[in-house]
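Engineer:
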Amino acid sequence: MKFKYVFWSMVALMLFLIFSFLSLTFELKNPLSVFVEVIFNYSNTNQSHIILISHLARVLVALLAGASLALGGFIMQLQYQNDLADPTLMGVSDGSALSIVIGMIFFPNLTMLERIIFSIIGSFLAYKMISWTYKILFFRKSYLTFPLIGIVISMLLNSITTSLVSYYNIAQSVNSWYNSRLYRVSISDVIYFLPVLSFLIILTILFRKQMDVYAFGHSLATSVGMNRLQWGKFFSISVVALTGISVGIVGRIAFVGLIIPHIVKLTIGKKYASSVLFVPVAGGIFVVISDYFSRYLNYPFETPIGVVIALIGVPIFLYLIRKGATTH
């Protein structure tokens with residue numbers, strides 16, 4: 043077991059270093075020398091140095107966004123005991139997007155912090171809508187009931203968003219944010235990500251053993267003294283915060299919260315206490331890699347990162363699912 047952790051940790055570290063360096067030095071001549079110069083002799087009048095720093099912001103935000111979305115999907119799958127649960131698939135991201143669009147309509151000059159606040163509010167309302175609908179109308183139905191509820195709510199929220207964007211003619215300003223154009227991010231955006239993400243990751247690591255107990259179900263968890271209701275509230279707040287902040291900054295990046303937890307569980311193990319350490323790391327690296335290829339595949343134009351994530355993630359996901367099915 044220790045060998046498995048060490049092996050995948052080394053793989054993750056190598057991938058992170060390789061693709062971070064490639065992303066940082068993208069389009070730069072003599073990238074290694076520029077990289078060294080920035081470290082030891084940075085100049086804000088040197089164009090190559092400025093480009094590299096802008097790339098650094100992009101890498102950091104991609105890393106943090108991927109970690110947030112992967113951890114949000116992981117927690118949501120634990121909370122609802124459903125492997126198809128994911129903030130994007132279930133409509134939480136669409137709630138954030140709708141709230142931000144409403145903010146753009148009534149407050150055209152939203153600051154980044156104000157956009158994040160609107161995003162978190164929308165994420166919270168969408169999450170509550172999903173929970174209420176599931177508990178009131180479809181409690182204890184089939185395994186597919188929960189994701190189907192989420193898909194319906196996602197379609198409803200997305201339709202409202204599209205209608206508002208069309209009616210108020212703000213498609214251009216919305217698309218530049220909504221389509222996850224990471225080239226627009228800056229170092230200051232990291233400030234909004236890092237404190238919350240670091241705090242939630244530390245908490246989930248500290249409480250990782252409780253996550254395994256929570257996964258046993260209501261009866262067994264309460265029999266060993268766990269207040270499952272309070273833990274459910276903590277998980278809900280975590281998903282809302284992680285999703286709201288990431289959508290507010292980089293827009294809607296689909297599929298990460300669904301793919302990454304499964305990849306980690308199939309490579310590291312299905313125990314939540316073990317895999318929670320790797321989920322944010324894997325999610326961050328995955329988005330960094332996808333962002334690099336989004337710039338490289340159709341150079342000098344950028345391919346939408348959602349397309350790249352689907353191209354990379356779906357084959358890996360299907361392979362690992364098949365591998366997992368044949369080893370049980």
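For the sequence shown, the working numbering begins at 43 and goes up steadily by one.
Yeah, the Cβ is synthetic: ideal placement off N, Cα and C, and Gly gets one too.
1. Can you tell me whether A104 is buried or exposed? The criterion is at least 16 other CB atoms within 10 Å of its CB, across all chains shown.
2. Looking at the unbroken alpha helix (DSSP H) that takes in E79, where does it start and where does it end?
3. In angstroms, rounded to a whole number, what distance separates the CA positions of H370 and I301?
4. For A127, which of I310, V350, K312 and G192 has the nearest alpha-carbon?
5. Can you round the beta-carbon distance between V26 and F82 to whole angstroms, since I take them to be within the 8 angstroms contact cut?
6. Using the Cβ count rule (16 or more neighbours within 10 Å means buried), how would you classify H260?
7. Check whether the region 239-252 and the region 303-323 touch, using three or more Cβ-Cβ pairs below 8 angstroms as the test.
8. Can you look up P129 in the DSSP assignment and give me helix, strand or coil?
9. Are the beta-carbon atoms of V281 and G108 separated by less than 9 angstroms?
10. Alpha helix (DSSP H) containing M197: first to last residue?
11. If we ignore side chains and look at the alpha-carbon of each, how far apart do L360 and D125 end up?
12. To the nearest angstrom, how far is the alpha carbon of V80 from that of Y314?
13. Excluding sequence positions up to five away, which residues of its chain have a Cβ less than 8 angstroms from the Cβ of T368?
14. At least one CB of chain D closer than 9 angstroms to the CB of F149: is that the case?
15. From L57 to I354, what distance separates their C-alpha atoms?
16. Closest by CA to L155, which one among G290, S336 and I351?
17. Quick check: the Cα distance between G274 and S85, rounded to an integer number of angstroms?
18. Output the distance between the C-alpha atoms of L242 and L308, rounded to the nearest integer angstrom.
19. How is F258 classed by DSSP in three states: helix, strand or coil?
20. Considering just the uninterrupted stretch of the alpha helix (DSSP H) at V292, what are its terminal residues?
21. For I358 versus V329, is the C-beta distance shorter than 9 angstroms?
22. Any chance you could list the beta strand (DSSP E) runs of at least 3 consecutive residues sitting entirely within the region 229-255, in chain order?
23. Would you say L284 and L113 are within 9 angstroms of each other, going by their C-beta atoms?
24. Identify which residue in S96, S201 and L55 has its Cα closest to the Cα of K232.
25. For F160, does the count of other Cβ atoms within 10 angstroms reach 16, so buried, or fall short, so exposed?
Structural biologist: The structure says:
1. Taking the first residue of the sequence shown as position 1, residue 104 is located at position 62. Classification for A104: buried.
2. Along the sequence shown, read from residue 1 onward, the residue named residue 79 stands at position 37. Taken as a continuous stretch (DSSP letters only), the alpha helix (DSSP H) holding E79 covers P73 to F82.
3. Numbered from its first residue, the sequence shown carries residue 370 at position 328. Numbered from its first residue, the sequence shown carries residue 301 at position 259. In this prediction, H370 has a pLDDT of 41, which is less than 50 and means its spatial position is unreliable; nothing more can be read from the coordinates.
4. Taking the first residue of the sequence shown as 1, we reach residue 127 at position 85. Taking only the C-alpha atoms, the option nearest A127 is G192.
5. Absent from the model: residue 26. The displayed extent of the chain is 43 to 370, so no value can be given.
6. Taking the sequence shown and counting its residues from 1, one reaches residue 260 at position 218. Flag for H260 reads exposed.
7. Yes, they touch.
8. By one-based count along the sequence shown, residue 129 stands at place 87. Coil at P129, not helix or strand.
9. Along the sequence shown, read from residue 1 onward, the residue named residue 281 stands at position 239. Along the sequence shown, read from residue 1 onward, the residue named residue 108 stands at position 66. The answer is no: Cβ separation not under 9 angstroms.
10. Here the question's residue 197 lines up with position 155 in the sequence shown. Note, M197: alpha helix (DSSP H), T187 to Y209.
11. On the sequence shown, position 318 is the one that residue 360 refers to. On the sequence shown, position 83 is the one that residue 125 refers to. Each residue's Cα considered, the two are about 14 angstroms apart.
12. The residue given as residue 80 occupies position 38 in the sequence shown. The residue given as residue 314 occupies position 272 in the sequence shown. If I take the Cα positions, the gap works out to 40 angstroms.
13. Taking the first residue of the sequence shown as 1, we reach residue 368 at position 326. Reliability of the predicted coordinates at T368 is poor, the pLDDT of 46 falling under 50, and the value obtained from them is presented with this limitation in mind. By the criterion of a C-beta distance shorter than 8 angstroms, T368 is surrounded by no residue of its chain, once the five residues flanking it on both sides are discounted.
14. The structure shown contains no chain D, having only a single protein chain.
15. Taking the first residue of the sequence shown as position 1, residue 57 is located at position 15. Taking the first residue of the sequence shown as position 1, residue 354 is located at position 312. Taking the straight line from one Cα to the other gives about 14 angstroms.
16. One-based indexing of the sequence shown puts residue 155 at position 113. Distances from the CA of L155 to each of G290, S336 and I351 were compared; the closest alpha carbon is that of G290.
17. Within the sequence shown, the letter at position 232 stands for residue 274. Within the sequence shown, the letter at position 43 stands for residue 85. One C-alpha to the other measures close to 49 angstroms.
18. Position 200 of the sequence shown, counted from the start, is the residue given in the question as residue 242. Position 266 of the sequence shown, counted from the start, is the residue given in the question as residue 308. Each residue's alpha carbon lies about 23 angstroms from the other.
19. Position 216 of the sequence shown, counted from the first residue, corresponds to residue 258. Residue state, collapsed to three classes: coil.
20. As a working note, residue 292 is residue 250 in the sequence shown. That run of the alpha helix (DSSP H) goes R270 to V292.
21. Counted from its first residue, the sequence shown places residue 358 at position 316. Counted from its first residue, the sequence shown places residue 329 at position 287. No, Cβ-Cβ distance for I358 and V329 is not below 9 angstroms.
22. Counting whole runs of 3 or more residues, the region 229-255 contains no beta strand (DSSP E) stretch at all.
23. The residue labelled residue 284 in the question sits at position 242 within the sequence shown. The residue labelled residue 113 in the question sits at position 71 within the sequence shown. Cβ distance < 9 angstroms, so L284 and L113 count as in contact.
24. One-based indexing of the sequence shown puts residue 232 at position 190. A small fix is needed here, since residue 232 is Val in this sequence, not Lys. If we check each option's Cα against that of V232, S96 comes out closest.
25. Along the sequence shown, one-based indexing puts residue 160 at 118. With 16 or more other Cβ atoms from the protein chains shown falling within 10 Å of its own Cβ, F160 counts as buried.
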